[in-house]
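Chains as they are written, first to last, in our numbering: chain A, 7 to 277; chain B, 35 to 196.
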């Protein structure tokens with residue numbers, strides 16, 4: 007390092023001061039951004055210590071002709087930044103790909119160091135003829151599309167989406183209802199069989215009505231049910247038909263009735 | 035008759051020779067190459083080796099890093115001259131364009147290998163804040179250019195204090 011030696015005043019010129027201040031501000035912003043980003047990454051990495059917990063799901067019938075799949079999701083935020091704009095959604099289709107229902111929660115905020123439980127409730131319409139009817143009588147794999155969004159460290163939105171297949175146990179799996187031959191005393195045997203593969207106990211009344219082609223009910227039978235999970239139900243009951251009422255060509259209408267709700271099951275045609 | 039005002043104190047300073055500045059600029063290149071080319075290219079290659087899509091092209095990152103290095107080195111060597119300000123402006127403007135390029139690609143989505151999970155990450159806010167860095171440097175370059183135009187060598191004693 008060599009060169010001539012010059013002299014200069016100690017006081018900084020104004021333009022030099024300004025340029026130096028701008029460069030210092032630029033460097034300060036860069037350093038702060040690097041530190042902030044590093045702290046957000048560290049804070050977010052803390053989430054792996056407390057992964058989300060999905061509580062056990064319960065299945066039930068709703069009074070509005072729906073099946074309710076209810077569970078909960080517990081999220082904890084051990085980091086030092088809040089998790090904002092938290093949203094979770096799901097779309098459920100049956101194994102044929104027919105849309106059944108969807109649910110979601112949010113947007114919500116999970117404060118730093120907080121833990122919260124979010125309800126997950128999926129209402130699936132189960133009318134006897136709609137796409138949800140198969141849920142009643144056919145155990146299958148449901149296609150679940152899940153997606154979630156959240157903002158970490160105020161300025162880092164992130165999202166996740168995934169596809170999942172979940173097994174579904176039908177409450178009236180392999181439902182078989184049938185009408186036997188008309189006997190001399192004017193009764194027909196009506197038989198019902200199924201297996202409860204849902205995680206609930208079916209307590210209520212099962213009603214079967216023999217309906218003629220013109221819509222008139224020729225006769226009906228009922229069974230008191232108390233069928234636990236994975237229990238088989240198979241019974242036959244004679245049904246007295248109204249005089250002159252012919253069930254041939256009609257249908258056997260079956261419904262499950264409790265004080266809180268009535269669930270129509272897929273009808274069976276009578277040959 | 036009032037006594038004459040005291041003359042401001044003055045100090046000596048020495049501008050490094052061109053050879054010395056070239057030597058130091060060459061040494062500066064070692065960490066700068068790692069920072070502007072090595073690390074970004076390594077990070078992108080890591081993603082590529084795990085079959086993940088790249089948020090930025092490796093070629094673009096390498097070229098941009100090389101241009102920044104060239105301008106930074108030229109700027110360092112030319113610091114005692116009047117082209118220091120324009121070179122500072124050129125470098126800041128290029129970094130500004132580069133950060134804008136990154137801003138346009140600041141949403142990154144990828145399928146986690148071997149799963150049905152797709153992750154989306156957005157760092158637009160961070161890149162927008164990062165724009166402040168070259169913008170402030172650009173302003174500093176403009177001020178230095180004006181200063182050199184108004185009074186050549188005015189800043190040299192402070193840039194090269196004894």
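Every residue gets a Cβ at the ideal spot worked out from N, C-alpha and C, and that includes glycine.
From this set, the options, which residue's C-alpha is nearest residue i's C-alpha?
i                     : options                    : result
residue 130 (chain A) : A:182, A:271, A:252, A:67  : A:67
residue 232 (chain A) : A:37, A:206, A:151, A:19   : A:206
residue 224 (chain A) : A:195, A:203, A:237, A:200 : A:195
residue 63 (chain B)  : B:48, B:102, B:82, B:94    : B:102
residue 156 (chain B) : A:118, A:165, A:271        : A:165
residue 27 (chain A)  : B:185, B:172, B:182, B:186 : B:172
residue 91 (chain A)  : A:247, A:78, A:110, A:235  : A:110
residue 169 (chain B) : A:40, A:262, A:30, A:139   : A:30
residue 174 (chain B) : B:148, B:188, B:119        : B:119
residue 217 (chain A) : A:204, A:259, A:250        : A:259
residue 249 (chain A) : A:190, A:267, A:107, A:147 : A:190
residue 79 (chain A)  : A:146, A:123, A:174        : A:123
residue 33 (chain A)  : B:94, B:167, B:190, B:144  : B:167
residue 139 (chain A) : A:277, A:118, A:181, A:89  : A:181
residue 103 (chain A) : A:229, A:148, A:59         : A:148
residue 234 (chain A) : A:209, A:251, A:241, A:136 : A:209
How about residue i: is its C-beta nearer than 8 Å to some C-beta of chain B?
i                     : result
residue 168 (chain A) : yes
residue 242 (chain A) : no
residue 18 (chain A)  : yes
residue 148 (chain A) : no
residue 39 (chain A)  : yes
Rounded to the nearest angstrom, what separates residue i and residue j at their Cα positions?
i                     : j                     : result
residue 155 (chain A) : residue 178 (chain B) : 46 Å
residue 178 (chain A) : residue 144 (chain A) : 8 Å
residue 71 (chain B)  : residue 73 (chain A)  : 58 Å
residue 105 (chain A) : residue 99 (chain A)  : 4 Å
residue 42 (chain B)  : residue 19 (chain A)  : Residue placement at residue 42 (chain B) is poorly supported in this model, since its pLDDT is 49, which falls under 50; the coordinates are not used for a value here.
residue 86 (chain B)  : residue 136 (chain B) : 18 Å
residue 283 (chain A) : residue 153 (chain A) : Lying outside 7 to 277, the shown extent of chain A, residue 283 (chain A) is not represented and no answer is given.
residue 200 (chain A) : residue 169 (chain A) : 31 Å
residue 35 (chain B)  : residue 193 (chain B) : Caution is warranted here: a pLDDT of 45 is assigned to residue 35 (chain B), below 50, making its placement in the model unreliable, and no coordinate value can be reported.
residue 181 (chain B) : residue 113 (chain B) : 13 Å
residue 159 (chain A) : residue 141 (chain A) : 42 Å
residue 130 (chain B) : residue 25 (chain A)  : 18 Å
residue 275 (chain A) : residue 192 (chain A) : 20 Å
residue 184 (chain A) : residue 198 (chain A) : 7 Å
residue 227 (chain A) : residue 247 (chain A) : 11 Å
residue 88 (chain B)  : residue 81 (chain B)  : 7 Å
residue 222 (chain A) : residue 255 (chain A) : 12 Å
residue 3 (chain A)   : residue 186 (chain A) : The question about residue 3 (chain A) has no answer, for chain A in this structure spans 7 to 277.
residue 107 (chain B) : residue 57 (chain B)  : 11 Å
residue 147 (chain B) : residue 162 (chain A) : 23 Å
residue 150 (chain B) : residue 100 (chain B) : 38 Å
residue 83 (chain A)  : residue 121 (chain A) : 6 Å
residue 219 (chain A) : residue 268 (chain A) : 23 Å
residue 52 (chain A)  : residue 39 (chain A)  : 20 Å
residue 134 (chain B) : residue 125 (chain B) : 14 Å
So which residues on chain A does residue i lean against when the C-beta distance must stay under 7 Å?
i                     : result
residue 154 (chain B) : 164, 165
residue 167 (chain B) : 32, 35, 36
residue 180 (chain B) : 21
residue 177 (chain B) : 21, 24, 25, 28
residue 163 (chain B) : 39
Residue i versus chain B: which residues are under 7 Å apart at the beta carbon?
i                     : result
residue 43 (chain A)  : 160
residue 161 (chain A) : 159, 160
Counting only C-beta atoms, is residue i closer than 8 Å to chain A at any point?
i                     : result
residue 170 (chain B) : yes
residue 76 (chain B)  : no
residue 189 (chain B) : yes
residue 192 (chain B) : yes
residue 42 (chain B)  : Model confidence at residue 42 (chain B) stands at a pLDDT of 49, short of 50, so the residue's coordinates are unreliable; what they give is reported in the following sentence. Yes - at least one Cβ of chain A is within 8 Å of the one on residue 42 (chain B).
residue 174 (chain B) : yes
Name the chain A residues whose beta carbon is nearer than 9 Å to that of residue i?
i                     : result
residue 151 (chain B) : 166, 167, 168, 169
Can you check whether the C-beta of residue i is within less than 8 Å of a C-beta belonging to chain C?
i                     : result
residue 154 (chain B) : Looking for chain C here will not work: the only protein chains present are A and B.
What runs of the beta strand (DSSP E), each 3 residues or longer, lie entirely inside the region 149-222 of chain A? Fully enclosed beta strand (DSSP E) runs of 3 or longer: 162-174, 179-185, 193-201, 208-217.
Quick check on the DSSP output: what are the complete alpha helix (DSSP H) runs of length 4 or more inside the region 77-161 of chain A, in order along the chain? If we require 4 residues or more, the alpha helix (DSSP H) runs fully inside the region 77-161 of chain A come out as 139-143.
Ranges of the alpha helix (DSSP H) found wholly within the region 88-162 of chain B, counting only runs of at least 4: For secondary structure counted as the alpha helix (DSSP H) over 4 or more consecutive residues, the region 88-162 of chain B holds these complete runs in sequence order: 92-111, 118-137.
Hey, which unbroken runs of the beta strand (DSSP E) at 3 residues or more fall wholly within the region 16-74 of chain A? For secondary structure counted as the beta strand (DSSP E) over 3 or more consecutive residues, the region 16-74 of chain A holds these complete runs in sequence order: 64-68.
With a floor of 4 residues, list each alpha helix (DSSP H) that falls wholly inside the region 41-83 of chain B, ordered by position along the chain. 52-67, 73-83, all fully within the region 41-83 of chain B.
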